[in-house]
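Report on the structure given below.
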Amino acid sequence: MRYGIVLFTSDRGIAPAAAAAAAERAGFDSFYVPEHTHIPIKRESPHPRTGDASLPDDRYMRTLDPWVALASAASVTTRIRLATAVALPVESDPITLAKTIASLDHLSGGRVTLGAGFGWNVDELADHGVPGARRRTALREYLEAMRALWTDDEASYAGEFVSFGPSWAWPKPAQARIPVLIGAGGTEKTFAWIARSADGWITTPYEVDITAQVALLRDIWRDAGRRGQPTVVALGGRPDPDRLAHLASIGVSEAVFGLPDRAASDVEPWIGRLGGKLGLQAS
């Protein structure tokens, strides 16, 4: 099982480049950042943790652009994967976003993983012209359209939310296929969506015992005719050896740990200590 770091980016505390470089030195396999373009002050969407309009962390309104953050991380690292947990693709123009992600993958030597969400904050989505009730369809179309731009010499797409005629778009990603993981609650509906349109699942930080969910995802994946096994990334939790051994035994691909919201002088040693507890090989 691999290990990763997620930095809830903001305009304070450790910068993404410094955190990613420290994580790579400590032996971690991946570096994740989130996305929110903005948080409407007046909202009807309850937060999954609080159950109402209040936010558990003011960084929701202070997040950095994920692709700028990961580009800065790419410039100071050579090995660690650059990922989102999670990005909100439907809040961007799909043609422009495809170019951004392909450029990052090209320049980083094929290290990008797109962790995407449907979007719990439907008020935020509405400001981008995406109806909350159609957000799963919109994300499916965005991914299909971006994959066309990433792979086809003459790409085109016709859908409800995305439509463009035959077009040229380079660079293509360095990877033959950019992995797409969906961060959402582990339900049968989510897993059916993943089996159709993605490569794996990122848990929410609030899901602790995912044994039954991983088994269900694998069953749905197999029934959909997908080969191999879906990637499963478990967010949150402490580096407890028994818990980590259990996650590995049920087929979790990667465990990811959040960083404290503090200065680099505090966070960099923290990353090193965490890597030591996990038995990672520091460089």
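Going by the working numbering, the sequence shown opens with residue -7, and the numbers climb by one from there. Just so it is clear, CB atoms sit at the ideal spot from N, CA and C, and this is done for glycine as well. Here the structure is a predicted model, which is why all the values come from computation and not from measurement.
Short of 6 Å in beta carbon distance, which residues of its chain neighbour residue i, apart from the five on each side in sequence? Order them along the chain.
i    : result
P58  : V25, E27, T76 and A79
Q205 : G178
A130 : V82, V122 and F153
Y52  : H28 and I31
I242 : T203 and V206
A45  : R35
A118 : none
Tell me which residues share the same chain as residue i and place their Cβ nearer than 7 Å to its Cβ, disregarding the 5 neighbours each side in the sequence.
i    : result
T55  : T1, S2, P26, E27 and H28
V172 : L106, A108, L135, A190 and D191
A216 : A187 and R188
P163 : A94, S95 and H98
R218 : A187
L89  : P81 and M138
R71  : E16
A184 : I212
With DSSP as the reference, please indicate the residues paired to residue i in a beta bridge.
i     : result
Y(-5) : A247
A108  : A79 and I174
G74   : A small correction: the amino acid at residue 74 is Leu; Gly does not occupy that position in the sequence shown. For L74, which the question treats as bridged, DSSP gives the partners F23 and V104.
Does at least one heavy atom of the ligand ATP sit under 7 Å from the Cβ of residue i?
i   : result
P81 : For the structure depicted, the ligand ATP is absent and the ligand set is empty, with no information on it obtainable.
Where do the ends of the alpha helix (DSSP H) carrying residue i lie?
i    : result
Y52  : Per DSSP, Y52 belongs to no alpha helix (DSSP H) and is neither H nor E.
F183 : E180 to S189
P87  : According to the sequence as given, residue 87 is Ile; it is not Pro. Segment P86 to S100, the alpha helix (DSSP H) holding I87.
T1   : Taken as a continuous stretch (DSSP letters only), T1 belongs to no alpha helix (DSSP H), as it is neither H nor E.
E116 : V114 to D119
Y198 : It is not in any alpha helix (DSSP H) - Y198 carries neither H nor E in the DSSP assignment.
P38  : Where P38 is concerned, there is no enclosing alpha helix (DSSP H), given that its DSSP letter is neither H nor E.
P8   : P8 to A18
T143 : R127 to T143
H238 : P233 to S241
DSSP three-state label for residue i, please.
i    : result
S148 : strand
R210 : helix
P158 : strand
L272 : coil
L56  : coil
R254 : coil
I263 : helix
G5   : coil
D215 : helix
A61  : helix
Q167 : coil
G43  : coil
T276 : Since the first and last residues shown for the chain are -7 and 275, residue 276 lies out of range.
G220 : coil
In terms of residues, what are the limits of the beta strand (DSSP E) holding residue i?
i    : result
S22  : S22 to V25
A226 : T223 to L227
G281 : Nothing can be reported for residue 281: it is not among the residues displayed for the chain, which extend from -7 to 275.
Below 8 Å CB to CB, which residues in the same chain sit around residue i once its five sequence neighbours on both sides are set aside?
i     : result
S281  : The question about residue 281 has no answer, for the chain in this structure spans -7 to 275.
G264  : A14, R17, A18 and A274
M(-7) : L236, L239, A240, V244, S245, E246 and A247
P233  : none
S67   : A9
Inset, instruction - Report yes or no: do the segment 190 to 200 and the segment 219 to 230 share at least 3 C-beta pairs separated by less than 8 Å? - result: With a cut-off of 8 Å, the segment 219 to 230 and the segment 190 to 200 count as touching, because enough Cβ pairs lie within range.
Inset, instruction - Could you tell me whether the segment 92 to 112 touches the segment 61 to 71, using the rule of 3 or more Cβ pairs below 8 Å? - result: Yes, the segment 92 to 112 is in contact with the segment 61 to 71.
Legend entry - Touching by the beta-carbon criterion (3+ pairs, under 8 Å), the segment 251 to 268 and the segment 5 to 19: Inter-segment contact for the segment 251 to 268 and the segment 5 to 19 is present: three or more beta-carbon pairs are separated by less than 8 Å.
Inset, instruction - Would you check if the segment 110 to 129 and the segment 28 to 45 touch, i.e. whether three or more CB-CB distances between them fall below 8 Å? - result: Output reads yes: the segment 110 to 129 touches the segment 28 to 45.
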